[in-house]
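In this note's numbering, the protein residues as written are 393 to 567. Take a look at the structure set out below.
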Amino acid sequence: MPILAVHTPVGGVLSVLAPLGLGAAAGTALVLDLDPDGIPLPSPASVAEVVRASPTLDELRPRRRGLAVLASGGAGWQDARELVEAFGTGWPAVVVRSAEALPIPTVPVHPVLPGVLAAPGPAVYQQTGIPGGAIGNGFVLPPPGPAAVRAAFGGRRPRGRWVRAWRTVWSHPWT
């Protein structure tokens, strides 16, 4: 089962939107927030709670199609490494949000803004609508529409052209 980490070196709002967009593009996916110091993802429970209580068999696989999200609750990679692997055996796709480099395939996501440099290797470049900025080797996403942003921050699955653009990211061999 595919497990991809998402790392946004610039952070901010894109660090929340990117993992939700990648997860929504998979169809059915679990997004795990392992950035304890970042903007919290909208979710009813947290990774830290599941780690403390141990996941139930019901949690280790999806109960319905769509996007499920677990906020960090203070948990990072060292706390949840085994949990990520366990979820990866039962979920069709797992997206891990991280503020640091992880020892799993990672998708670097960079905003296209003046002063933000292109990544040294393949990456995802999120267009912002602001002129300027560097685009390197990788995928260029259109700006997310207002409805997709509202849905993502409202705890609902984002849809539209922006999410469809994320689908090609799943086919790349990230390292």
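Built from N, CA and C at the ideal position, the CB exists for glycine as well. These figures come from a predicted structure and were not determined experimentally.
- request: Quick one: using the 10 Å Cβ neighbour count with 16 as the cut-off for buried, is R489 buried or exposed?
  value: It is buried - the Cβ of R489 has at least 16 other Cβ atoms within 10 Å.
**Cβ-based burial, A539 [other Cβ within 10 Å; buried from 16]** = exposed
* **Strand pairing of Q518, partner residues [DSSP]** => P503, L533
**Message:** I'd like to confirm the pairing. Which residues does DSSP put opposite S490 in its beta bridges?
**Reply:** According to DSSP, which records beta bridges pairwise, S490 is partnered with H399.
(message) Going by the DSSP bridge assignment, what does T498 pair with across the sheet?
(response) A397
Hey, would you say P434 sits closer than 8 angstroms to G547, going by beta carbons? yes
Next on the checklist: DSSP has A463 in a bridge; who is on the other side?
Outcome noted: Residue pairing by DSSP puts A463 in a beta bridge opposite S438.
key: Inter-residue spacing [alpha-carbon to alpha-carbon] between A526 and V508   = Between the alpha carbons of A526 and V508 lies a gap of roughly 7 angstroms.
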